[in-house]
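S.K.: Chains U and F are the protein sequences, given in the same order. Here my numbering runs 75 ahead of the position in the first sequence, where the first position is 1. Here my numbering runs 10 ahead of the position in the second sequence, where the first position is 1. Handing you a structure now.
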Amino acid sequence: NAGVTQTPKFQVLKTGQSMTLQCAQDMNHEYMSWYRQDPGMGLRLIHYSVGAGITDQGEVPNGYNVSRSTTEDFPLRLLSAAPSQTSVYFCASKPRQGTYEQYFGPGTRLTVT
Amino acid sequence: GENVEQHPSTLSVQEGDSAVIKCTYSDSASNYFPWYKQELGKRPQLIIDIRSNVGEKKDQRIAVTLNKTAKHFSLHITETQPEDSAVYFCAAPHVSSTSYGKLTFGQGTILTVHP
Numbered sequence: 076n077a078g079v080t081q082t083p084k085f086q087v088l089k090t091g092q093s094m095t096l097q098c099a100q101d102m103n104h105e106y107m108s109w110y111r112q113d114p115g116m117g118l119r120l121i122h123y124s125v126g127a128g129i130t131d132q133g134e135v136p137n138g139y140n141v142s143r144s145t146t147e148d149f150p151l152r153l154l155s156a157a158p159s160q161t162s163v164y165f166c167a168s169k170p171r172q173g174t175y176e177q178y179f180g181p182g183t184r185l186t187v188t
Numbered sequence: 011g012e013n014v015e016q017h018p019s020t021l022s023v024q025e026g027d028s029a030v031i032k033c034t035y036s037d038s039a040s041n042y043f044p045w046y047k048q049e050l051g052k053r054p055q056l057i058i059d060i061r062s063n064v065g066e067k068k069d070q071r072i073a074v075t076l077n078k079t080a081k082h083f084s085l086h087i088t089e090t091q092p093e094d095s096a097v098y099f100c101a102a103p104h105v106s107s108t109s110y111g112k113l114t115f116g117q118g119t120i121l122t123v124h125p
């Protein structure tokens, strides 16, 4: 199993550009989530999904969109990038029930200039 | 929703000393408390967790204690080694029928172990 994978590893955007961060998992996990990590602020939840076709907002959803068309994939879209979105983004997954342990992807470092 | 506070934000110790990191949480219904370790440039990885039906759990040099009455839990690392240097995060879940174990993380503690 590859576990949770993310692409790209690094990305530089200009203000106003759009892009999609990719996340995939091969563990058949129903629950998937996106976090951003900023110095001194821990991991903050952006959006999460409990299954294909079901998504919900986390604590910092503004400026980000998600969709979940398959169990395996959970892309995060930035429609109009802003410097405040410069961060490291982590995708995570877990089975919907039976455990709280989340498995993280390797992260994407995004810089918006 | 759940609110998790973590202290200290940085911790510096000498090799062989003990290190303690503390977290408080707000939701009395929370029943699972994990600790994640993140090495520089790597992803967070679970190192130990505890459920609310026990007060302490140990795994070699690391242990976690839980005080449900006071709503706080702590990570204890004994005989610290340079490879323990990392960022440590605590977390607590949102407990509801629709959250499916959504986690709120603390702000993180940067632990530095000096040889």
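We put the CB at the ideal spot given by N, CA and C, even for glycine. Owing to the predicted nature of the structure, the values given are computational and were not obtained by experimental measurement.
#1: Report the neighbours of Ser-19 of chain F on chain U: residues whose CB is nearer than 8 Å to its CB, in chain order.
#2: Any beta-carbon of chain U closer than 8 Å to the one on Lys-81 of chain F?
#3: What does Arg-71 of chain F reach in chain U if we use C-beta pairs closer than 7 Å?
#4: Report the partner residues of Pro-103 of chain F according to the DSSP bridge assignment.
#5: Taking the DSSP output, what are the residues bridged to Asp-30 of chain F?
#6: Can you pull out the residues from the stretch 53-65 of chain F whose beta carbon lies closer than 8 Å to at least one beta carbon of chain U?
#7: Can at least three beta-carbon pairs, one atom from the stretch 168-182 of chain U and one from the stretch 39-56 of chain F, be found at a separation below 8 Å?
#8: Output, in chain order, the set of chain U residues within a Cβ distance shorter than 7 Å of Tyr-42 of chain F.
M.R.: Checking against the coordinates, here is how it stands:
#1: Within chain U, Gly-115 have C-beta atoms less than 8 Å from the C-beta of Ser-19 of chain F, given in sequence order.
#2: So no, Lys-81 of chain F is outside the interface.
#3: Contact annotation for Arg-71 of chain F against chain U: no contact, minimum CB-CB distance about 21 Å [criterion: below 7 Å].
#4: Answer is F:Leu-113.
#5: Residue identity check: residue 30 of chain F is Val in the sequence provided, not Asp. Per DSSP, F:His-86.
#6: If the cut-off is 8 Å between Cβ atoms, the stretch 53-65 of chain F has Arg-53, Pro-54, Gln-55, Leu-56 and Asp-59 near chain U.
#7: They touch, by the three-pair rule.
#8: In chain order: Tyr-175.
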